[in-house]
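Heads up, the thing below is written out as structure tokens.
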Amino acid sequence: MEFGFTEADRAFRLEARAWLAAHADAGQDRRTWERTLGKAGWIGLGWPEDGWGNRVATLTQQVAWAEEYARSPAPPRSGHIGEKLLAPTLIAHGTEEQKARFLPPVAAGEELWCQGYSEPDAGSDLAGVRTAAVREPGGTHYRVTGRKIWTSLAHEADWCFVLARTEPGSRRHHGLSFLLVPMDQQDRIEVRPIRQMTGTSDFNEVLFDGARARVEHVVGGEGRGWRVAMSLLGFERGVSTLAQQIGFAEELGQVVRAALDSGTVSDPVLRDRLVGQWAELRTMRWNALRTLGGSADTGAPSVAKLLWSGWHQRLGELAMQVRGAAAGVGPADWSPSAPYELDALQHLFLFSRADTVYGGSDQIQRTIIAERALGLPREPKG
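Sequential numbering of the sequence shown, starting at 0, is according to numbering that gives the first Met the number 0.
What follows is the structure, given as structure tokens:
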């Protein structure tokens with residue numbers, strides 16, 4: 000597709016840049032920040048209509064906003080799961096009542112969401128759902144029982160969209176439903192943070208013990224959850240990838256500066272790797288721009304995931320190599336209350352170890368490419 004920024008796009012970019020310069024603060028509470036974004040209409044730019052308190056922007060304007068946001072000192076988003084995943088799913092599959100109930104609070108930054116897909120012992124097998132939802136005798140609610148894992152930001156979320164089995168005895172992708180479950184159920188929902196190698200806990204395990212979900216909050220109809228779940232996975236595409244690459248470029252710059260400071264830039268092997276990282280990042284940008292408007296290639300999202308996850312993981316490894324032995328020393332002394340503290344490049348190295356696992360492991364992405372794009376025989380299922 001032809002991709003370029005018009006004068007209107009450039010004006011939109013300048014407006015976004017000025018607004019972020021006036022309002023963005025890296026130390027701001029993230030929930031307060033979501034409300035600030037919502038009040039100005041910056042949540043939901045990619046939605047097809049603006050009747051829920053959001054602005055509507057063209058695809059190129061969405062790219063401009065995402066790039067300006069990535070360059071600004073604004074804090075990481077807490078509301079992106081509701082904005083980028085739940086909202087497009089409701090717009091595509093939800094009832095008018097569901098859209099009227101849930102889209103305005105997402106656009107206002109008032110309700111935060113998390114995603115209840117992955118389960119313990121299922122690995123990347125999304126169809127291996129054991130979480131069950133059973134209708135109460137009165138017929139107005141489901142009782143949800145089961146466990147979800149690697150649930151990003153569940154400790155902050157007000158709601159969770161949950162893939163659960165509503166047809167007893169069903170197997171694989173049959174008999175599943177897509178339920179909207181309120182998280183404020185202290186006796187029925189327990190959130191257990193999962194501490195990562197970085198010392199932070201962005202992921203969680205969520206235990207549902209008879210949690211209640213209203214029948215009218217099933218999206219797409221009972222037993223049709225697999226179709227809705229697969230639709231949701233297709234919504235996050237090039238715009239978010241381009242914004243991600245702005246952050247990658249910042250990290251690459253930090254690694255280059257570290258190589259200059261340590262003198263390791265004089266090593267021809269490391270210097271060659273630094274140049275290679277830069278060239279690969281530029282290639283990923285052009286590939287993202289090429290597929291921005293959508294692609295008929297069913298393997299394109301998996302190819303993109305393989306490209307950026309491997310690139311980012313190699314950057315983390317390179318960040319340690321250019322610093323030599325100094326990479327093993329933290330920025331602060333050890334103490335019992337804070338066993339270790341990480342600087343930015345150490346955090347990059349440890350966190351990027353997960354890049355090739357979360358969001359669909361490399362092995363799963365290669366299987367998708369083989370089966371759906373290349374037409375090779377399907378992998379046998381046990």
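Every residue gets a Cβ at the ideal spot worked out from N, C-alpha and C, and that includes glycine.
Contained alpha helix (DSSP H) runs [length at least 4] in the stretch 41-115, N- to C-terminal order: 58-70, 86-92 and 95-106
Boundaries (first-last residue) of the alpha helix (DSSP H) holding Gly219: Per DSSP, Gly219 belongs to no alpha helix (DSSP H) and is neither H nor E.
Touch test, the stretch 213-232 against the stretch 85-100, Cβ-Cβ under 8 Å, three pairs minimum: yes
Distance, Glu340 Cα to Thr199 Cα: 11 Å
Assumed close pair Ser399, Gly224 - CB separation to whole angstroms, cut-off 8 Å: Because residue 399 is not part of the residues shown, which for the chain are 0 to 381, the question remains open.
Beta-bridge partners of Glu189, as assigned by DSSP: Leu206
Selection from Ser261, Gln362 and Ile245 that minimises the alpha carbon distance to Leu280: Ile245
Helix, strand or coil at Ala388 [DSSP, three-state]: Examination of residue 388 is not possible in this model, given that the chain is present from 0 through 381 alone.
Under 7 Å between C-beta atoms of Thr144 and Ala131: yes
6 Å CB neighbourhood of Thr165 in its chain, flanking five on each side removed: Ala132, Ser176 and Glu221
C-alpha distance - Ala10 paired with Phe348, whole-angstrom precision: 38 Å
Local Cβ density within 10 Å of Trp285, reported as buried at 16 or more and exposed below that: exposed
Counted within 10 angstroms of its Cβ, other Cβ atoms place His173 as buried (16 or more) or exposed: exposed
Check whether Trp158 and Pro136 have beta carbons under 7 Å apart: no
When Glu204, Phe350, Gln61 and Pro330 are compared against Ser117, the one with the closest alpha-carbon: Glu204
Span of the beta strand (DSSP E), counted from its first residue to its last, around Val161: Trp158 to Arg164
Beta-carbon spacing of Gly168, Pro103 below 7 Å: no
Local Cβ density within 10 Å of Ala20, reported as buried at 16 or more and exposed below that: exposed
DSSP three-state assignment for Met0, whether helix, strand or coil: For Met0, the pLDDT reaches just 47, beneath the cut-off of 50, and the residue's location in the model is therefore unreliable, leaving the point undetermined.
Limits of the alpha helix (DSSP H) - the one that His22 falls within: Glu6 to His22
Enclosing alpha helix (DSSP H) for Gly315 [first to last residue]: Ala299 to Gln320
Of the listed residues Arg187, Tyr357, Trp277 and Glu378, nearest to Ser308 (C-alpha basis): Tyr357
Contact under 7 Å by Cβ, Ala258 with Val321: yes
Member of Ala324, Val254, Leu305 and Thr355 whose CA lies at the smallest distance from the CA of Leu314: Val254
One or two residues paired with Tyr141 in a DSSP bridge: Arg134 and Ala212
Counterpart residues of Arg29 in DSSP-defined beta bridges: Partner(s): none; Arg29 has no beta bridge.
Extent of the continuous alpha helix (DSSP H) run through Pro376: Where Pro376 is concerned, there is no enclosing alpha helix (DSSP H), given that its DSSP letter is neither H nor E.
Backbone CA spacing between Arg12 and Gln243 [nearest angstrom]: 17 Å
Endpoints, the beta strand (DSSP E) within which Pro181 is located: Leu175 to Pro181
Cut-off 6 Å between Cβ atoms - residues of its own chain near Arg29, not counting five sequence neighbours on either side: Pro74 and Ser77
Proximity of Arg187 and Ala210 at Cβ, strictly below 7 Å: yes
Spatial neighbours of Gln60 in its chain, beta-carbon cut-off 6 Å, leaving aside the 5 residues before and after: Asp8 and Phe11
Closest residue to Ser230 among Gln27, Ala86 and Pro72 (Cα-Cα distance): Ala86
Cβ-Cβ separation, Glu109 to Gly50 (assumed contact under 8 Å), whole Å: Incorrect: roughly 17 Å between the Cβ atoms, too far for contact.
CA-to-CA distance, Tyr68 to Glu14, given in whole angstroms: 12 Å
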